[in-house]
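Participant:
Residue numbers (the working numbering): 1 to 207.
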């Protein structure tokens with residue numbers, strides 16, 4: 001791209017940063033931290049910056065002939081850190097700021113149902129159509145991809161934390177609706193995949 005035309009950045013990029021082998025895990029964490037701090041300076045949440053840093057890193061930037069510092073090794077370490085202690089700490093910290101109000105939850109059930117159905121249909125349809133006509137897959141495989149795309153990632157809860165807990169942009173009713181909808185969509189992923197799996201396997205056998 002255009003970055004290659006810049007004298008210094010064009011010669012030394014992410015591929016060179018991750019070429020240190022066993023230090024690639026530290027490099028990835030440091031990159032996420034620095035981009036997160038940079039995002040914070042521009043008024044964004046650090047998690048948004050870390051997410052953007054993750055979009056920059058590609059699998060081919062890593063060395064494949066190493067036991068330590070390879071893509072799989074770095075991914076394993078990062079995921080263990082994220083899912084074992086960083087992620088749980090965030091959700092526990094978020095949970096300490098929430099007070100469960102059953103009356104509010106009951107009052108927004110119609111909105112939860114409507115939003116869940118709307119997002120379910122639009123997400124599955126858009127992902128399946130893209131896989132079918134852009135990726136060239138059959139409809140059984142395309143629908144499987146659509147169901148797999150239903151889940152809401154951790155960044156969705158980070159955004160809700162920013163909007164409701166930190167800045168009070170959302171009302172409590174909006175927050176309950178979004179949180180419950182995200183929960184329902186995450187639950188729908190394994191359920192729909194298990195339900196569609198026989199059709200997917202049958203379609204794969206036809207190819």
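Beta carbons are placed, not taken as given, at the ideal position from N, Cα and C, and that holds for glycine.
Computed from a predicted model, the values in this text were never measured in an experiment.
Residue 72: buried (16+ other C-beta within 10 angstroms of its C-beta) or exposed?
Facilitator: For the purposes of this step, residue 72 is taken as the residue at position 72 of the chain shown. By the neighbour-count criterion, in which a residue is buried when 16 or more other Cβ atoms sit within 10 angstroms of its Cβ, residue 72 is exposed.
Participant: Whose C-beta lies closer than 6 Å to the C-beta of residue 182 among residues of the same chain, with five residues either side of it excluded?
Facilitator: Position 182 of the chain shown, counted from the start, is the residue given in the question as residue 182. Closer than 6 Å at Cβ, skipping near neighbours: 152 and 156.
Participant: Could you pull out every unbroken alpha helix (DSSP H) segment of at least 4 residues lying fully inside the segment 27–66, listed in chain order?
Facilitator: Fully enclosed alpha helix (DSSP H) runs of 4 or longer: 46–56.
Participant: Short of 7 Å in beta carbon distance, which residues of its chain neighbour residue 104, apart from the five on each side in sequence? Order them along the chain.
Facilitator: Here residue 104 is taken as the residue at index 104 of the chain shown, counted from 1. So the list reads 172, 173 and 176, once near-sequence residues are dropped.
Participant: With 16 other CB atoms within 10 Å as the buried threshold, where does residue 55 fall?
Facilitator: Along the chain shown, one-based indexing puts residue 55 at 55. With fewer than 16 Cβ atoms within 10 Å of its Cβ, residue 55 is classed as exposed.
Participant: Express the C-alpha separation of residue 123 and residue 169 in angstroms, rounding to a whole number.
Facilitator: By 1-based counting over the chain shown, the position of residue 169 is 169. By 1-based counting over the chain shown, the position of residue 123 is 123. Going by the C-alpha atoms only, they are around 25 Å apart.
Participant: What three-state label does DSSP hand residue 202 in the structure shown?
Facilitator: As a working note, residue 202 is residue 202 in the chain shown. Residue 202 falls in the helix class under three-state DSSP.
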